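Participant: Right, I'll just put the structure down here and ask away after.
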Amino acid sequence: KSKMEIEKIKTEFVKSKMEIEKIKTEFVKSKMEIEEIKTEFVESKMEMEEIKTEFVESKMEMKESKEEVVEGKKEVLKSKEQKLQLCSYKKKKTSTQKKLKFCKLICDYLNSPSNMGSHLFNPMFLQFLINKQNLEKCLKLSLPSKNIKQITFPGLNSDVKSQASSQEDKFRSGRCKFFQPCGWGYITPHDGGHDVYVNKNVLAKRGYRHLYQDQKVEFISTITKKGLVASDVKIIKPTAYQMIQPGTRKIRCFNCLKKGTHTAADCPEPKKDRP
């Protein structure tokens, strides 16, 4: 019996050994599988790193291409600016040449024997410059083949009279350029015309003392021997200090020369032209 038991124990021991060997083999297999999984994981990591490097390289290429595009745009803008500068320079050059020719011709015209008595700031001469036909005639004078005696300036007096009559009895808007304490100044019209002379006598017609600089006014201008003169002035927003206070001095009508009754704006008698 003891032998039989020993044999059984031996067989069981052999079986346990076999099972241990099986377990060992399975453990080795699992180790191999784990190693394979590790290698696959490392390979996937390497692929991810390669993808990242490719993405970074593509980003760098995109940046370089953008910088090239920006540089190209800058070069195009520089070329456009250079072209614009050349165009503006040519325009300025042509305009200065025309102005020089025009000034030369005007000086020749003023120095001619028939126009020796004319003055530069004469309103007749200013109206002459405004006329488009006369400007074209003056520009034609720049040609060496043309002579001053061959060209006439038609309609000078008629143009001045027509423009002066169109501005009479019409209120124009403007602002006070300056007004001296001694009682005279100039008004700059908003329509782009020449400055108009104004004095305290014209302001007193409507009961004003003086004007402030850049003050908005409405006025009627007439052309006299002295130039453009304001015959009537209305201040849009007068101050109390500008108004002649009643009782301080008597008002006087500069049309009929009566005192203390009315001003020239309300005078019943017809208006008289005074120099």
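Start counting at 1 in the sequence shown, then tack on 554, and there's your number in this note's numbering.
We put the beta carbon where it would ideally sit given N, CA and C, even for glycine.
Small disclaimer: the values here were computed from a predicted structure and weren't measured.
Quick one: grab the DSSP three-state call for Tyr795.
Facilitator: Coil, per DSSP.
Participant: Helix, strand or coil for Lys765, going by three-state DSSP, please let me know.
Facilitator: Note that residue 765 is Leu in the sequence shown, not Lys. Of the three classes helix, strand and coil, the one that applies to Leu765 here is coil, per DSSP.
Participant: For Glu823, does the three-state DSSP call read helix, strand or coil?
Facilitator: Looking at Glu823 - three-state DSSP - the assignment turns out to be coil, as it is neither helix nor strand.
Participant: Just to confirm, is the Cβ distance from Phe808 to Glu772 under 8 Å?
Facilitator: Contact flag unset, no.
Participant: Could you tell me the distance, in whole angstroms, from the CA atom of Leu631 to the CA atom of Glu622?
Facilitator: The alpha-carbon atoms of Leu631 and Glu622 are separated by roughly 14 Å.
Participant: State the Cα-Cα distance for the pair Lys647 and Lys628, rounded to the nearest angstrom.
Facilitator: In a straight line, the C-alpha of Lys647 is about 28 Å away from that of Lys628.
Participant: Quick one: what's got a C-beta closer than 7 Å to Lys634's C-beta in the same chain, skipping five residues either side?
Facilitator: Contacts found: none.
Participant: Quick check: what's the CA-CA separation for Glu603 versus Phe581?
Facilitator: Cα to Cα, Glu603 sits roughly 33 Å from Phe581.
Participant: By DSSP, does Cys730 sit in helix, in strand, or in coil?
Facilitator: Note: Cys730 maps to strand in three-state DSSP.
Participant: Alpha carbon to alpha carbon, what distance is there between Lys569 and Glu559?
Facilitator: If you take the alpha carbons of Glu559 and Lys569, they lie about 15 Å apart.
Participant: Between Ala794 and His764, what straight-line distance do the alpha-carbon atoms span, to the nearest angstrom?
Facilitator: Distance between the alpha carbons of Ala794 and His764: 11 Å.
Participant: Whole-angstrom Cβ separation of Arg729 and Lys770, contact assumed at under 8 Å?
Facilitator: Their Cβ separation, rounded to whole angstroms, is 6 Å, which keeps Arg729 and Lys770 in contact under 8 Å.
Participant: Look at the alpha carbon of Asp820 and the alpha carbon of Cys810, and state the distance between them as a whole number of angstroms.
Facilitator: Taking the straight line joining both Cα atoms gives about 11 Å.
Participant: Leaving out the 5 sequence neighbours to the left and right, which residues in its chain are closer than 7 Å to Ile563 when beta-carbon positions are compared?
Facilitator: Contacts found: none.
Participant: If you count every other CB in all the chains shown that lies within 10 Å of the CB of Tyr762, and 16 or more means buried, which is it?
Facilitator: Answer is buried; the Cβ neighbour count reaches 16.
Participant: Could you tell me which of Thr742, Glu594 and Val756 sits nearest to Val750, measuring between CA atoms?
Facilitator: Residue Thr742 is the option with its Cα nearest to Val750.
Participant: Helix, strand or coil for Gly747 per DSSP?
Facilitator: Correct three-state label for Gly747: coil.
Participant: If you draw a straight line from the C-alpha of Thr706 to the C-alpha of Gly746, how long is it?
Facilitator: In this predicted model, Thr706 has a pLDDT of only 47, less than 50, meaning its place in the structure is not dependable; the value taken from the coordinates is given anyway. Cα-Cα distance, rounded: 28 Å.
Participant: Taking only the alpha-carbon atoms, compute the straight-line gap between Met600 and Met614 and give it to the nearest angstrom.
Facilitator: Between Met600 and Met614, the C-alpha separation is close to 21 Å.
Participant: Which word fits Ser619, buried or exposed, when buried means at least 16 other C-beta atoms lie within 10 angstroms of its C-beta?
Facilitator: Exposed is the call here.
Participant: Just verifying my parser: in three-state terms, what is the DSSP assignment at Asn753?
Facilitator: Of the three classes helix, strand and coil, the one that applies to Asn753 here is strand, per DSSP.
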